[in-house]
Amino acid sequence: MSITVFDCQMCGHCCHGQGGIVVSAPERQRLAEYLGLSEEDFCATYTQTQDKKLVLRSRGDGFCIFFDAVTACTVHPAKPDVCRAWPFFRGNLVDAVSWEMAQDYCPGIRPDTGHAEFARQGRAYLIENKLTKNGREDEANALHLPGLTDKD
Ligand code: SF4
Ligand code: SF4
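Under the numbering used here, the first residue of the sequence shown carries the number 76, and numbering increases by one thereafter.
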């Protein structure tokens with residue numbers, strides 16, 4: 076599908092911060108395989124526990140451990156689902172105020188298209204790319220949209 080409500084500006088803001096990048100079991104396996112590691116070694120090296128979930132570690136400068144200032148994401152083909160899904164997180168899809176606030180953080184979100192169209196395209200994108208979650212304990216809450224599944 077063609078996305079017109081979002082156009083990533085490669086600013087790197089979404090790769091900065093602590094604890095936001097949840098990696099569920101299938102995502103850990105995907106990343107470990109991409110890096111040629113066992114899942115155990117991957118988790119020990121690149122993740123930490125936060126609120127009962129495993130999240131990617133951040134470096135001292137606050138950027139994700141996989142972020143490179145020149146090439147951006149060094150694990151792009153295997154990156155976590157929240158990274159694939161942004162900015163189509165639950166809060167931004169269901170709440171126009173959150174969507175407006177997200178524009179201050181992410182210059183790729185186009186304000187001119189309006190929230191309803193953003194939500195419509197975002198839901199379709201999540202489904203098409205099988206990024207919605209079921210609310211399992213190790214999954215990102217931001218991708219759990221009750222009533223919206225990959226089969227919808
Ligand atoms: S914050 Fe938005 S525009 Fe910047 S890199 Fe992330 S997705 Fe792209
Ligand atoms: S995994 Fe890649 S896209 Fe996701 S936060 Fe880290 S550097 Fe950014």
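Beta carbons are placed, not taken as given, at the ideal position from N, Cα and C, and that holds for glycine.
Contact under 9 Å by Cβ, residue i with residue j
{"i": "residue 169", "j": "residue 220", "result": "yes"}
{"i": "residue 96", "j": "residue 200", "result": "no"}
{"i": "residue 99", "j": "residue 171", "result": "no"}
{"i": "residue 130", "j": "residue 120", "result": "no"}
Helix, strand or coil at residue i [DSSP, three-state]
{"i": "residue 227", "result": "Since pLDDT at residue 227 reaches only 45, below the 50 mark, its modelled position is unreliable, and no value is offered."}
{"i": "residue 158", "result": "helix"}
{"i": "residue 202", "result": "helix"}
{"i": "residue 88", "result": "helix"}
{"i": "residue 82", "result": "coil"}
{"i": "residue 215", "result": "coil"}
{"i": "residue 110", "result": "helix"}
Range covered by the beta strand (DSSP E) that runs through residue i
{"i": "residue 124", "result": "122-125"}
{"i": "residue 220", "result": "Note, residue 220: premise wrong, no beta strand (DSSP E); not H, not E."}
Supposed contact pair residue j and residue i - C-beta distance, whole angstroms, cut 8 Å
{"i": "residue 82", "j": "residue 183", "result": "5 Å"}
{"i": "residue 164", "j": "residue 150", "result": "Actually they do not touch by this definition, with Cβ atoms about 20 Å apart."}
{"i": "residue 138", "j": "residue 91", "result": "5 Å"}
Same chain, Cβ closer than 7 Å to residue i, five either side skipped, listed in chain order
{"i": "residue 154", "result": "148"}
Where the alpha helix (DSSP H) containing residue i begins and where it ends
{"i": "residue 130", "result": "That residue, residue 130, is in no alpha helix (DSSP H); its beta strand (DSSP E) goes 128-131."}
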